[in-house]
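K.L.:
Residue numbers (this note's numbering), protein chains in the order written: chain A, 307 to 1062; chain B, 307 to 1062. For glycine and all other residues, C-beta sits at the position ideal for the given N, C-alpha and C.
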């Protein structure tokens, strides 16, 4: 039916669709929306990490003029009782009998304006009986440890991993292959090391928020979620409503990176609206968002064995993830961590066990490559340690062990779909080109991850009779450039001007189903759904043109961006006008994706190399250059790909050099604002910071594209720590690599007797 | 693929979808919407029916604190120059050099709040040079009459009828058959009579309004229009934007009846927003809407000939429609009037000419059965006059001449698709049952009209994985019950609970194309599009179930509301869950309608009979009973059909007994508010007011449905005037039949010598 020609729209760094609206301030974010009759919620939070709630005095707050209601869990009826959670139903919109982390919502004041709500919230008097905090993940796993959850929560809709009763284990995943002890017996060198990864705040420019309007038979939530359809299901369960009666509307979102996945403030806003009978706006500041979401801290104890020639024989890993007070996506993070710990190497024998552990800290959830940076931090640090032990070049050691294209990474999963060795050599070449003469050390790291596990997306493309087109899908434009790329795909498939393609932001009432805005799945999965919808439009255009001309379908073809009926060339929009008999009507295409072959839909490849200098007097690591590499199959829009990869690298610099949510012994967050909590600044960036895109056209997505956007942060920490080890001989196994930590390590190394 | 079974959802008077929201006040209408950053417009209107605008002093208004801008046409740049109009481009958002009717917008003040805008608007000082008004439609047609438009306007996008240069004729349509003079020569009796029909205000509970937000590359208009897609095209032309970049959002609408069709306040709101750079809200009160829209007044001179036995031989009609200052839909009203004047009778020879004439009065536009009540008023009055002249029973005369099923009404149009004779007899029977003993006279009338000329609609039905469904289409729920009926159709086709079907209000960004919310086309045309979309879902379910089961399509069937794979019964939602492999995804069905056979898609049949008493001392007509009859093919929801027909009858009572926009010689509207302008009240309704629904299953719409909802007001005026003639011997040919007019006629008749 169609003849593929050269690509016109694909592979060009065209202007962002959302660029002008965003830089001119016209783009509407959640807080810009004005919802008729809305009232404002202020949250009363627990000052204790762990405490029994004895009473909530709310009369004084309720008496403040302008206050609509001052509410504790007990005031919310059945909706306040109902636990929610996509994987484990362990959370309620307000804490009932127990607060499980400092900052947990215990009560809410709803008022006509935010200032009144905040003032009245300070009058709510909660009596607590403090309980022992559970802060350290190792102690939390010890027998007799205080339990964060007294009774095991039920599995959520997507729950597959139950908690381990009588312990703080929220989820446990173990994977094995071969006989790991035999593998270590086969080894000439065995190393065991423990690496720690900090709890990292999930910073986005826009904090969490939700506005909800509940009526008896319909619930609308405006929110900056990344997962409108997952949220729809959660709220349908909670409110016992048909899916069609739940409307999730997502305006522009100021960053998500996973941190706005799954229910966050939406259930609270919805229950409050149902309770007070008005739309309710719940908006966090950044301090509030520090009490919502973070990356799992991790303690990874890794044992690897290798033959003298560098051939890996065995890998043994025991991992404790710090999950915080509620499961959120934790069980999936646990499972993904287990696979990501395998790394990109051929290992005949392995035994990996990952436990996600409840602690009385901010709940941990999805965060750009779940479990990826934690895993790669350990596995790629130990590769350099192993190289040192074997006296091999660390790159050579990697090349020796990397899985080849088509080789199994883990049985049951898609075989490797990239040329990792070529990629690594290319990274080395790019690093050579970016070489900074003053560099004291250089390090590389290789990360892979298995994202896009659930490739379920649907899309609608509407072609109008003037040749412009509208794309309906429900992945969220969180800044990744999705709208631009989808417009390129539709322009390519339908031969319409890219500027005439409008991509609509999600609204579950009208935009068709999509699984999630995460897992690097946008171009590959959603892009395929949109491409299929556009191709469905094209197929219909051929049929309509044949009908108009009264010729058999075989006499109609798509060629050079138009329908050809015999020798007559008919532009797509003209077909519509002719079929409807006037300038009217439209053609509606649909596209479904339920799988793209094996799981994962693609392997995401994120490599990186760093060159650093170290100030031995202060312990400051100066990053001189950083080169990322993303194997993207096909870059629909190279500039957007590079920006994503560089963005991920910068985010990785955060956990590598600066970021850690620090807790006191009593469970208090010690750096609870952006003054105390340090994210990378522009001044922290290296002079050379760039990304190499590998395009082999070998992805399962449109035009051979694979996903990317998460992989960039995989390699950063081990690459820099490996560079530090090369520059100074000092191996640090705890992140972040703060000046204090580096300085201390340098001092300790200097104090140690030199090796024989 | 499917086996039709008995209908479960169709034919039941189920509860309105929008009922609870409307009676509880939850339903959101235009003025309920809060648009972020919106400013308010107050319109400065011409106090003259016709005047040259010499200057517009707006400095004083602009200086009022809170005023954003005080604007005349000259301030609007190219957008102020650009004429608009779907049929004739004769209108601009503000009058430029000339005002053409009292109340025409001449300037606008935009301010932060409506009160400030109104106060500042009173400070705008416009200097006028009065011009001769053009009020009377006969004088407007005389040679040398003052011209309302000095230069002929260009045709609009749908324009087919140009103005007649040098005259006030906005549109002229003539239709002929046979040799009309021969027809009169064939006649034994020839009657010539002139009937007049008043200018009628287009009253709806909710006045006109629009809120617009224009950015350089996108225009959003929230409005209570009945024609979102026609409006999209007009604004795309005006703003030179792709169709995909124009978004028309329609919330609940408080009545339209045609009066909210085509551009009304939307171009003004859009141009103001583009000018001031903020969203602008333009909301009329009912007094403002009296300056926007009304029904065409008409002067119909009719000559009919008949043989002694009642057989009609010829009809000659010359009609002047009073179109007001701008064309709006006038040209189409002109064309429709010409056909509707034919009536439901076999007439071998006819000559009909209709002219729509510009006058300096409120523009006339679409109004429930355009040209219908005016035509039927004349044709059905003269039938009774002819019966009297022939000394025949007026019902017998009609039965003798009614076209039969399958007989041509007008060459080129769909042959009659109803049994008019049976219908009329059924009406008589129902009137007998409703007979009021105190009745002094009884009259009937038969109307037909050719609506739904352009049956272009598209629809999307989304079936979710829990079995609930969402319907996207772009006809407006204006109170007619559309959402309820569409939900019944989808529930029927997909065997899902009706309560689980959500029908979404129009938003052109997401809801697919629809031609219009008018012409009685909802069930027949939009219903067919939705039915096809649901059937498309069903066809896909069968294919997906076959794919899941791995069986040929032939082994899968739809039976008893479910998919059957061999002997296994699979509910629709379960097919979705199985195909996507989990509770996820959806199936998207689409339906297109471009024609339903011949034009019109159906003949709308509206008959009615009245019984009255007359107070000879006051001239008050007391309506004792009124029986309507609508030949609906199939009533999807009988109660909604009856309510529509009764509603149309009550509207017809307005122009029959009470309503007329009265103008002074100078062109001033003498009854410019709902105090002075009298619409029917509940206390005006007869004790018996009901509608008979004829269901022969012979319509082109779903389940044999035809359209209805306009026809009820066709017969009211002639039925009552015919009853009056029978009760008193007095024939009145001018509407409304006010007490004054009736009393005067009775007096004049009493003063005349009795007939020999």
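1) Which residues of the region 331-357 of chain A have a Cβ closer than 9 angstroms to any Cβ of chain B? Give them in chain order.
2) I'd like the list of long-range same chain contacts for residue 308/A, defined as Cβ closer than 6 angstroms, with 5 residues on each side in sequence excluded.
3) So does the region 579-589 of chain B actually touch the region 556-565 of chain B, counting three or more Cβ pairs closer than 8 angstroms?
4) Thinking residue 601/A and residue 673/A are a contact (beta carbons under 8 angstroms), I'd like their distance in whole angstroms, please.
5) Starting from residue 356/B, trace the alpha helix (DSSP H) both ways and give me its first and last residue.
6) Quick check on the DSSP output: what are the complete alpha helix (DSSP H) runs of length 4 or more inside the region 895-983 of chain B, in order along the chain?
7) Residue 453/A and residue 394/A: beta carbons closer than 8 angstroms?
8) So with CB distances below 8 angstroms, who are the chain B contacts of residue 720/A?
9) Is the region 892-899 of chain B close to the region 945-965 of chain B, with three or more CB pairs under 8 angstroms?
10) Quickly, what does DSSP pair residue 770/A with across the bridge? List them, please.
11) Taking the straight line between their C-alpha atoms, what separation do you get for residue 470/B and residue 367/B?
12) Alpha helix (DSSP H) containing residue 1049/A: first to last residue?
13) Classify residue 566/B as buried or exposed, calling it buried when 16 or more other Cβ atoms lie within 10 Å of its own Cβ.
14) Return the bridge partner residues of residue 558/B from the DSSP annotation.
15) Apart from the five residues on each side of it in sequence, which residues of its chain come closer than 6 angstroms, Cβ to Cβ, to residue 945/B?
16) Given this structure, state the Cα-to-Cα distance separating residue 456/A from residue 403/A, to the nearest angstrom.
17) For residue 774/B, go through chain A and note every residue whose CB falls closer than 8 angstroms to its CB, in chain order.
18) List, in chain order, every chain A residue whose beta-carbon is nearer than 7 angstroms to that of residue 770/B.
19) What whole-angstrom Cβ distance do residue 534/A and residue 554/A have, given they're in contact under 8 angstroms?
20) Who are the near neighbours of residue 263/B in its chain, counting only those whose CB is closer than 7 angstroms to its CB and skipping five residues on each side?
21) How would you write the range of the alpha helix (DSSP H) that residue 644/A sits in, first residue to last?
22) May I have the straight-line CA-CA distance separating residue 1031/B from residue 839/B, to the nearest angstrom?
23) Classify residue 847/B: buried if its beta carbon has 16 or more other beta carbons within 10 angstroms, exposed otherwise.
24) With 7 angstroms as the C-beta to C-beta threshold (strictly closer), list the residues of the region 771-800 of chain A near chain B in chain order.
25) Taking a contact to mean a Cβ-Cβ separation below 8 angstroms, would you say residue 439/B touches residue 764/B in this structure?
26) Out of 789/A, 805/A and 857/A, point me to the one whose CA is closest to residue 550/B's CA.
27) On the DSSP bridge assignment, give the partners of residue 563/B in chain order.
28) Under the DSSP definition of a beta bridge, which residues are partnered with residue 341/B?
29) Please determine, among 875/B, 884/B, 1008/B and 845/B, the residue with the shortest C-alpha to C-alpha distance to residue 275/B.
30) Span of the alpha helix (DSSP H) holding residue 436/B?
31) Which chain A residues are close to residue 521/B, counting only those with a beta carbon under 7 angstroms from its beta carbon?
32) For residue 981/A, count the other beta carbons within 10 Å of its own beta carbon; 16 or more makes it buried, fewer makes it exposed. Which is it?
33) Following the continuous alpha helix (DSSP H) through residue 1028/B, name the residue where it begins and the one where it ends.
34) Are residue 916/A and residue 1025/A closer than 8 angstroms when you measure CB to CB?
35) Would you kindly report the start and end of the unbroken alpha helix (DSSP H) that includes residue 882/B?
36) Should residue 891/B be flagged as near chain A, meaning a C-beta pair shorter than 8 angstroms?
P.N.:
Quick look at the numbers:
1) 332, 334, 338, 339, 340, 341, 342, 343 and 344
2) At residue 308/A the pLDDT is 39, less than 50, meaning the model places this residue with poor confidence; the figure from the coordinates comes in the next sentence. Within the same chain, residue 308/A has close Cβ partners 864.
3) no
4) 4 angstroms
5) Premise fails: residue 356/B is in no alpha helix (DSSP H) and is neither H nor E.
6) 944-959
7) no
8) What residue 720/A touches in chain B: nothing, since even the nearest Cβ is about 17 angstroms away.
9) no
10) 892/A
11) 41 angstroms
12) 1045-1057
13) buried
14) 335/B
15) 319
16) 11 angstroms
17) 548, 549, 550 and 551
18) 549 and 550
19) 4 angstroms
20) Outside the displayed range of chain B (307 to 1062) lies residue 263/B, so it cannot be described from this structure.
21) 636-646
22) 52 angstroms
23) buried
24) 772, 774, 775, 776 and 778
25) no
26) 805/A
27) Answer is none; residue 563/B lacks a bridge partner.
28) Answer by DSSP bridge pairing: none, since residue 341/B is not bridged.
29) Outside the shown range of chain B (307 to 1062) lies residue 275/B, about which nothing can therefore be said.
30) Taken as a continuous stretch (DSSP letters only), residue 436/B belongs to no alpha helix (DSSP H), being part of the beta strand (DSSP E) at 431-436.
31) 332
32) exposed
33) 1022-1034
34) yes
35) 878-886
36) yes
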